[in-house]
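Position one of the sequence shown corresponds to residue 4 (this note's numbering), numbered consecutively onward.
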Amino acid sequence: LARGAHATADRVRGASPRFGAALVNDGDPATYWATDDGVTAGAIDLEWSTEVVIDRVVVQEAIALGQRVEAWTVEVEADGGWRQVAAATTIGARRLVRFPETATRRIRVAITKARACPVIAAVSAYRDPA
């Protein structure tokens, strides 16, 4: 579902499109969103034009640059505000979090703690087909 979303970020390394939020859902594992050096927190929002129902999010770090993330959350926009639906520690090559089915037009993946600037290669959103 994330491929159909518009991605934005609160911080982007050098304000450069080379590290922009749109790279987390472009389908290319070699590209990634990053913050400036010394910035160890940041958030990526995915927004859909119509409501989607999701129950899991997968996040991948640009692992060739090392495992950096130590803590992160997933929030959904609902009833005019943000509600946290998942929290986790490290990401590494790939990390999946599950939560109850939620209808929303926006999700936020917030990196709350990292060893160095986060480098996120992919954010994916899914709904169990069962």
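Ideal Cβ positions, reconstructed from N, Cα and C, are used throughout, including at glycine.
Please read these numbers as outputs of a predicted model, since none were measured by experiment.
Straight-line spacing of the CA atoms in D131 and D58 works out to 7 Å. For G69, the closest C-alpha among the options I123, P103, T105, G17 is that of I123.
Within the same chain, L49, V79 come within 6 Å of I110 by CB-CB distance, once the 5 residues on both sides are set aside.
Shown here for L4: same chain residues with a beta carbon closer than 8 Å to its own, the five before and five after excluded, namely W51, V55, I57, S127, A128, Y129, R130 in chain order. Burial state of L99 is exposed, judged by a 10 Å Cβ sphere holding fewer than 16 other Cβ atoms.
Here A106 is exposed, its C-beta having fewer than 16 other C-beta atoms within 10 Å. Looking at the DSSP output, A91 bridges to W75. Going by DSSP, V60 is part of the beta strand (DSSP E) stretching over 45 to 64.
By DSSP's assignment, T105 forms a beta bridge with I57.
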